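Shown next, in structure tokens, is the structure this report addresses.
2 protein chains.
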Amino acid sequence: MTESDLLSLLRTLPLHPGARDLRDDAAVVAGLVLTTDTLIEGVHYLPIDPPEDVAWKLLAVNLSDLAAKGAEPEGVLLNYGLRDPDWDQTFFAGLREALTAHACSLIGGDTVTLPPNAPRVLTLTALGRNASAPPRAGARPGDLLWVTGTIGEAGAGLAIARGEPGPPELLRAYRRPTPRLAEGRLLAPHVHAMSDVSDGLLIDAARMAEASGLAVTIELSAVPLSPAYRAHCGDTRGDPLAAATAGDDYQLLFTAPPGFAPPVPATQVGAFAPGTGLTLTRDGEPVPLPARLGYEHGG
Amino acid sequence: MTESDLLSLLRTLPLHPGARDLRDDAAVVAGLVLTTDTLIEGVHYLPIDPPEDVAWKLLAVNLSDLAAKGAEPEGVLLNYGLRDPDWDQTFFAGLREALTAHACSLIGGDTVTLPPNAPRVLTLTALGRNASAPPRAGARPGDLLWVTGTIGEAGAGLAIARGEPGPPELLRAYRRPTPRLAEGRLLAPHVHAMSDVSDGLLIDAARMAEASGLAVTIELSAVPLSPAYRAHCGDTRGDPLAAATAGDDYQLLFTAPPGFAPPVPATQVGAFAPGTGLTLTRDGEPVPLPARLGYEHGG
Chain G
1 MTESDLLSLL RTLPLHPGAR DLRDDAAVVA GLVLTTDTLI EGVHYLPIDP
51 PEDVAWKLLA VNLSDLAAKG AEPEGVLLNY GLRDPDWDQT FFAGLREALT
101 AHACSLIGGD TVTLPPNAPR VLTLTALGRN ASAPPRAGAR PGDLLWVTGT
151 IGEAGAGLAI ARGEPGPPEL LRAYRRPTPR LAEGRLLAPH VHAMSDVSDG
201 LLIDAARMAE ASGLAVTIEL SAVPLSPAYR AHCGDTRGDP LAAATAGDDY
251 QLLFTAPPGF APPVPATQVG AFAPGTGLTL TRDGEPVPLP ARLGYEHGG
Chain R
1 MTESDLLSLL RTLPLHPGAR DLRDDAAVVA GLVLTTDTLI EGVHYLPIDP
51 PEDVAWKLLA VNLSDLAAKG AEPEGVLLNY GLRDPDWDQT FFAGLREALT
101 AHACSLIGGD TVTLPPNAPR VLTLTALGRN ASAPPRAGAR PGDLLWVTGT
151 IGEAGAGLAI ARGEPGPPEL LRAYRRPTPR LAEGRLLAPH VHAMSDVSDG
201 LLIDAARMAE ASGLAVTIEL SAVPLSPAYR AHCGDTRGDP LAAATAGDDY
251 QLLFTAPPGF APPVPATQVG AFAPGTGLTL TRDGEPVPLP ARLGYEHGG
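Protein chains in written order, with full-length UniProt numbering: chain G, 1 to 299; chain R, 1 to 299.
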């Protein structure tokens, strides 16, 4: 089933008004922002990833969705499958550290015992408050597309986690992403549309354009790359296309009209116009789209 | 890890004030009741259970927790692992039917692709509103223990689902439990403590007593059994002990002082007193506790 087929299927269910027609990463109900993400061992993280880092990431990916709505974390629910007491203990130590680091707390959850050899399935649901909650679908024709921070470190870090040599800084970007909560709080009241970059800059920008009923053009030479990423990848592999199609960045992608001065470090990487689809340019010249824009769910 | 060890571990995490110290089946945050349950294929349901019934049950077990807090369903979040398009389509058709039957709607969720051969892990999180939310820990010395409806049909239905002969009525009790939402609404403002019976009457009553810091005595001859259950089990196997230690009833267990007249069909099955632990009687005479009080999580 493709992601599009799946969304069509989900939209046959009765939808809550706060569901935003399932076009957003978060819902808004009774003034609370709600988001939930599931990580599967071997799919969303490597079986060799340290349990405390998996706990960190599980929390961070959910708080990143709150960040994209400009919400303050209220608390989380955890659905956890017990399997190996040592791993479980270390996971909970990591979760304690991560919750404390983000001034967040546990609201509840459910703990079940996994069958032996079943991959771990970890679900966390985060609640946020006081959000202006700009939609993913809010981009307007003429808006510019911005992204906070730099892109691609986590993708390089994943290769390092898989055994490629590389600096701990990039590995850490993959294993311990930072949800951009402060940036989201500052941006949310002023932007037209916002989402996080979880599956890749190109695919997340394309989804924002599709949800907004617009076309988006992205300039590859503008994609912000960190010194560590450039140093690691070198001239050829530092191609921004690799960075822009890798996932797990957890930066914020937002749109605003020309003239907007972002209150946080951010880079203008594209623009929206009437139409549909994603166009890539490099130094202003159109270039073909890659076969894969990022991580696609389902399918 | 035992359930008690696990709760001790979870209580090392920073807890939200609405978490009720993890002593309840539901949390209360910003006026919303929140509950979440995970069903694992082969653990909480049989791989041969029809997908539309699994969807029904996933929703029902969560709405049952809302019922125990006297909440009206606001909506649900779904975390779903795709694996087999035919099964998935039928599951979603069943979920549509179940949501519609309970005037409930989808708020959001996350859909992931399961590795081949991984057991399905299904998580649903339900939000409820307008709840008086009596705690599980609210029983007082002298309170009587009541249970709505009848007990044990789902346990008998599980045996039928596993191949034992038996009537469809009992099989249906296992596969299509009814969350007691109307009963919960009527009871919640008047009772001292309330929970649902999900893991077995004895174990859920024992948890209520422990959470309340009290002892509870249950009279086995008072456990309400349905005509269908009695007819199916016969004189010997109709022992209320089997019914009271089987799970999946989803009736409501509540406490109130002597003289309380429940506004819904309910049976008085026990009483609370200062002290700790569970005592069983049959026709007023103490009987030994069974080795297993019900379904225990973790461990």
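Backbone N, C-alpha and C define an ideal beta-carbon position, used for all residues, glycine too.
The structure presented is a predicted model; accordingly, all values stated were derived computationally and were not measured.
Amino acids of chain R, ordered along the chain, whose beta-carbon sits closer than 7 angstroms to that of residue i
i, result
"residue 260 of chain G", "Neighbours of residue 260 of chain G on chain R: none; closest Cβ ~29 angstroms, over 7 angstroms."
"residue 194 of chain G", "Going along chain R, no residue has its Cβ under 7 angstroms from residue 194 of chain G, so there is no contact; the nearest lies around 17 angstroms."
Interface residues of chain G facing residue i [CB-CB closer than 8 angstroms]
i, result
"residue 74 of chain R", "16, 29, 30"
"residue 133 of chain R", "By Cβ distance, chain G contributes nothing, its closest Cβ being about 13 angstroms from residue 133 of chain R, past 8 angstroms."
"residue 23 of chain R", "Under the 8 angstroms cutoff, chain G gives no residues; its nearest Cβ is about 10 angstroms from residue 23 of chain R."
"residue 115 of chain R", "40, 42, 43, 119"
Spatial neighbours of residue i in its chain, beta-carbon cut-off 6 angstroms, leaving aside the 5 residues before and after
i, result
"residue 137 of chain R", "23, 211, 212"
"residue 70 of chain G", "131, 132, 184, 185, 188"
"residue 59 of chain R", "98"
"residue 90 of chain G", "51, 52"
"residue 301 of chain G", "Within the shown structure, residues of chain G are numbered from 1 to 299, placing residue 301 of chain G beyond reach of any answer."
"residue 47 of chain G", "41"
"residue 29 of chain G", "18"
Under 9 angstroms by beta carbon: chain G residues contacting residue i
i, result
"residue 248 of chain R", "Here the premise fails: no neighbours, minimum Cβ distance about 15 angstroms."
"residue 79 of chain R", "36, 37, 38, 79, 121, 123, 125"
"residue 264 of chain R", "Near residue 264 of chain R there are no residues of chain G at all, since even the closest Cβ is about 27 angstroms away, more than 9 angstroms."
"residue 96 of chain R", "12, 13, 14"
"residue 181 of chain R", "Those do not exist, as residue 181 of chain R stays about 16 angstroms from chain G at its closest Cβ, beyond 9 angstroms."
Given residue i as reference, the closest of the options once Cα atoms are compared
i, options, result
"residue 53 of chain R", "R:14, R:1, R:122, R:216", "R:122"
"residue 252 of chain R", "R:208, R:233, R:28", "R:208"
"residue 63 of chain G", "G:43, G:45, G:38", "G:38"
"residue 257 of chain G", "G:178, G:271, G:293, G:291", "G:271"
"residue 245 of chain G", "G:75, G:177, G:296", "G:296"
"residue 45 of chain R", "R:262, R:162, R:142, R:190", "R:162"
"residue 191 of chain G", "G:139, G:178, G:230, G:293", "G:139"
"residue 126 of chain R", "R:179, R:48, R:147, R:173", "R:179"
"residue 222 of chain G", "G:239, G:233, G:206, G:119", "G:239"
"residue 230 of chain R", "R:124, R:169, R:196, R:200", "R:169"
"residue 294 of chain G", "G:128, G:247, G:273, G:18", "G:247"
"residue 124 of chain R", "R:228, R:83, R:73, R:117", "R:73"
"residue 21 of chain G", "G:107, G:115, G:8", "G:8"
Neighbourhood of residue i by C-beta, 8 angstroms cutoff - its chain only, sequence neighbours within 5 removed
i, result
"residue 287 of chain G", "220, 280, 281"
"residue 176 of chain G", "53, 56, 57, 60"
"residue 224 of chain G", "147, 149, 150, 151, 267, 269"
"residue 105 of chain G", "75, 76, 99"
Counted within 10 angstroms of its Cβ, other Cβ atoms place residue i as buried (16 or more) or exposed
i, result
"residue 203 of chain R", "buried"
"residue 16 of chain G", "buried"
"residue 277 of chain G", "exposed"
"residue 198 of chain G", "buried"
"residue 285 of chain R", "exposed"
"residue 164 of chain R", "exposed"
"residue 86 of chain R", "exposed"
"residue 81 of chain G", "buried"
"residue 11 of chain R", "exposed"
"residue 243 of chain G", "buried"
"residue 5 of chain R", "exposed"
"residue 275 of chain G", "exposed"
"residue 206 of chain R", "buried"
"residue 263 of chain G", "exposed"
"residue 100 of chain R", "exposed"
"residue 116 of chain R", "exposed"
"residue 261 of chain R", "exposed"
"residue 200 of chain R", "buried"
Per DSSP, cross-strand counterpart(s) of residue i
i, result
"residue 37 of chain G", "G:124"
"residue 195 of chain R", "R:253"
"residue 218 of chain G", "G:270, G:280"
"residue 110 of chain R", "R:79"
"residue 285 of chain G", "G:282"
"residue 301 of chain R", "Missing from the structure shown is residue 301 of chain R; chain R here goes from 1 to 299 and no further."
"residue 45 of chain R", "R:41"
Cross-chain neighbours of residue i in chain R, by beta carbon under 8 angstroms
i, result
"residue 63 of chain G", "Going along chain R, no residue has its Cβ under 8 angstroms from residue 63 of chain G, so there is no contact; the nearest lies around 14 angstroms."
"residue 85 of chain G", "1"
Contact set between residue i and chain G, taken where Cβ atoms lie within less than 7 angstroms
i, result
"residue 118 of chain R", "118, 119"
"residue 107 of chain R", "16, 18, 19, 27, 29, 34"
"residue 199 of chain R", "Under the 7 angstroms cutoff, chain G gives no residues; its nearest Cβ is about 12 angstroms from residue 199 of chain R."
Cut-off 7 angstroms between Cβ atoms - residues of its own chain near residue i, not counting five sequence neighbours on either side
i, result
"residue 299 of chain R", "With a pLDDT of only 35 at residue 299 of chain R, under 50, the local geometry of the prediction cannot be trusted, and the value read off the model is given with reservation. 1, 2, 3."
"residue 241 of chain R", "220, 290"
"residue 226 of chain G", "150, 153"
"residue 173 of chain G", "153, 154, 157"
"residue 83 of chain G", "114, 120"
beta-carbon residue i near the ligand NAP non-hydrogen atom, thresh 6 angstroms
i, result
"residue 97 of chain R", "Looking at this structure, you won't find the ligand NAP or any other ligand, since it has none at all."
Chain C contact residues for residue i, given Cβ-Cβ distances below 9 angstroms
i, result
"residue 99 of chain G", "In summary, chain C is missing from the structure at hand, where the protein chains are G and R."
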